[in-house]
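In mature numbering (1 follows the signal peptide of the UniProt record, and there is no 0), the protein residues as written are -26 to -1, 1 to 229.
Step one of this worksheet: look at the structure below.
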Amino acid sequence: MQIVYKIFILALVITLSACKSTRSVASTEDLESAKIIASHYDTHPQFETLAARLKIRYQDPETNQSVTVSLRMKKGEAIWMSASVLGISLAKAMITPDRVQFYEKIDGSYFDGDFELLSEVLGTELNYEQVEALLLGQPIYDLRSGGFSAGPTSTRYVIAPRKQSTLFDLFFYLNSGSFTLQQQRLTQREESRDLVIDYGDFTLEQAGYFPSEIHVKAQEGDKITLIDIEYRGLDFNTPVSFPFSIPSGLKEIEL
């Protein structure tokens, strides 16, 4: 499996592959928790389309690779990505709520499927909204579901399920001043897996805050995988197109 394929797949789903989601329903929602969670969602930028350039670095024990990625998004409808190295186009991805498509030229391979298939392979639920949230620096689970509580620490707010899963622990940390997401963390104790997603400074965009950097660290035993995403240039609410077609002659990736 080639480097670019790893970057695309891991950058989009690594936050979801470590553990299954948890849902615990509280009979009543604590007022302070509700206020903190609502304040966080008030920080989200409001936009219809996004165009940006990303610098993505992927590193594991065998690989250290950087690529430049063009990102286009229509909120809630489509995510388009095109990766290149030294100006040479290497791969493209097209993601919609009901379809996931990807191809890369070096290995001559492609994937054309849906989130149901990916969820079966990963062993955990995966959907378009979660992928979009990752790229926008937002929680991968809806904290407004009624299953989460929030409270202050000495330096920030922490949000966690009211009842943690027996399989893993899940935490979200917010900036105490702006209520932006600083970190989300998932730990699967018995499997010795730990996933940490940290966010760099946020900038004020479209009446909300947008992350300048996203840092993913996934550890399973002694193996550590790092993905660093740096945003370079943002354009909101401009016309965007999503040119995508899988070239003929490529080999389908079988999961």
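All C-beta atoms in this analysis are idealised placements derived from N, C-alpha and C, irrespective of residue type, glycine included.
Per DSSP, the continuous alpha helix (DSSP H) segment holding Ile11 begins and ends at Leu5 to Tyr15. About 4 Å separates the Cβ atoms of Met47 and Leu24, confirming a contact at the 8 Å cut-off. Pairing Ile30 with Gln104, the inter-Cα distance amounts to about 19 Å.
In this structure, Val132 lies away from Phe122, with their beta-carbon atoms at least 8 Å apart. Phe21 is not a Cβ neighbour of Ile227, given a cutoff of 8 Å. Runs of the beta strand (DSSP E) lying entirely within the stretch 172 to 213, each at least 3 residues long, are 176 to 179, 182 to 185, 187 to 194 and 197 to 210 in chain order. At a Cβ-Cβ threshold of 8 Å, Leu208 and Phe184 count as neighbours. In the structure shown, Tyr147 adopts extended strand secondary structure according to DSSP, grouped into three states.
Take Asp143, set aside five residues on each side of it, and the residues of its chain with a beta-carbon closer than 6 Å to its own are Thr161, in chain order.
Judged by DSSP secondary structure, Leu108 falls within the alpha helix (DSSP H) whose first and last residues are Tyr102 to Leu109.
Note on Leu60: under 16 other CB atoms within 10 angstroms of its CB, so exposed under the neighbour-count rule.
Under the DSSP definition of a beta bridge, Glu78 partners with Ala65 and Ser83.
Distance check between Val43 and each of Gly120, Ile62, Gln138 and Ala52 places Ile62 closest, using alpha-carbon atoms only. Secondary structure of Phe216 (DSSP, three-state): coil. By the Cβ rule, the stretch 185 to 194 does not count as touching the stretch 213 to 226, because fewer than three pairs are nearer than 8 Å.
Ile114 and Glu164 have their C-alpha atoms roughly 22 Å apart. Selection Ser13, His18, Ala8 and Glu36 evaluated against Lys197 yields Glu36 as nearest (Cα-Cα). Contact annotation: Thr199 and Asp81 have beta-carbon atoms that are not nearer than 8 Å. For Phe89, the secondary structure class from DSSP, reduced to helix, strand or coil, is helix. Contact between Thr154 and Thr17 holds: CB atoms are separated by about 5 Å, below the 8 Å threshold. By alpha-carbon distance to Asn211, the top candidate from Leu224, Tyr173, Ala181 and Tyr77 is Ala181. When Ile53, Ile10 and Asp88 are compared, the shortest CA-CA separation from Ala67 is found for Ile53. Between Ile10 and Thr127, the alpha-carbon positions lie close to 13 Å from each other.
A Cβ-Cβ separation of about 6 Å places Ser83 in contact with Leu224 under the 8 Å criterion. When C-alpha distances from Ala8 are compared across Pro135, Gln39, Val170 and Thr177, the shortest belongs to Pro135.
In the three-state reduction of the DSSP assignment, Arg118 falls in the helix class, which pools H, G and I.
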